[in-house]
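In the working numbering, the protein residues as written are 4 to 90.
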Amino acid sequence: MSVKKISNDAEWQSLPEEGFIFNQFGGKDPRRLAVDNKLHRASCRQRKMMNLAVPKLYSDNLNEMLDYLKRKVGEENKDWSRCSFCF
Ligand SMILES: [Zn+2]
Numbered sequence: 004m005s006v007k008k009i010s011n012d013a014e015w016q017s018l019p020e021e022g023f024i025f026n027q028f029g030g031k032d033p034r035r036l037a038v039d040n041k042l043h044r045a046s047c048r049q050r051k052m053m054n055l056a057v058p059k060l061y062s063d064n065l066n067e068m069l070d071y072l073k074r075k076v077g078e079e080n081k082d083w084s085r086c087s088f089c090f
């Protein structure tokens, strides 16, 4: 499976507990990027507070997700970061 965009609530609700979710806030303030753009495990306890107001990506494979983030989003801990609760 590849990295896919979660485009509706049905997809969001049916995601498994395994895999990885990226919260893609985007944003232009460089100081906020690593804070807002977070990679989570699908089992993260923060998941219940998330919704599709913030665009989401999902992959069942961590390496695939990391590769995608490095190519499309940028540098870890600068343009995005890993959630400290689930990583
Ligand atoms: Zn998390």
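No residue lacks a Cβ here, since even glycine has one placed at the ideal position from N, Cα and C.
Q: Please go through the same chain and pick out, in chain order, the residues whose beta-carbon is closer than 6 Å to the beta-carbon of residue 25, but skip the five residues on each side of it.
A: Once the five neighbours on either side are set aside, the close Cβ partners of residue 25 are 42 and 60.
Q) For residue 88, is the beta carbon positioned less than 6 Å from some heavy atom of ligand 1? A) For residue 88, the shortest separation between its Cβ and any heavy atom of ligand 1 lies below 6 Å.
Q.
Strictly by DSSP, which residues pair up with residue 61?
A. Note: residue 61 sits in a beta bridge opposite 7 and 24.
(Q) Quick check: what's the CA-CA separation for residue 84 versus residue 76? (A) Straight-line Cα distance between these residues: approximately 11 Å.
Q: May I ask whether a heavy atom of ligand 1 can be found less than 6 Å away from the beta carbon of residue 27?
A: No.
Q.
Looking at residue 70: is its Cβ nearer than 7 Å to the Cβ of residue 22?
A. Against a cut-off of 7 Å, the Cβ pair of residue 22 and residue 70 comes out as no contact.
Q. How would you label residue 38, buried or exposed, when you count the other beta carbons within 10 angstroms and need 16 or more for buried?
A. Taking a 10 Å sphere around the C-beta of residue 38, we find fewer than 16 other C-beta atoms and assign the residue as exposed.
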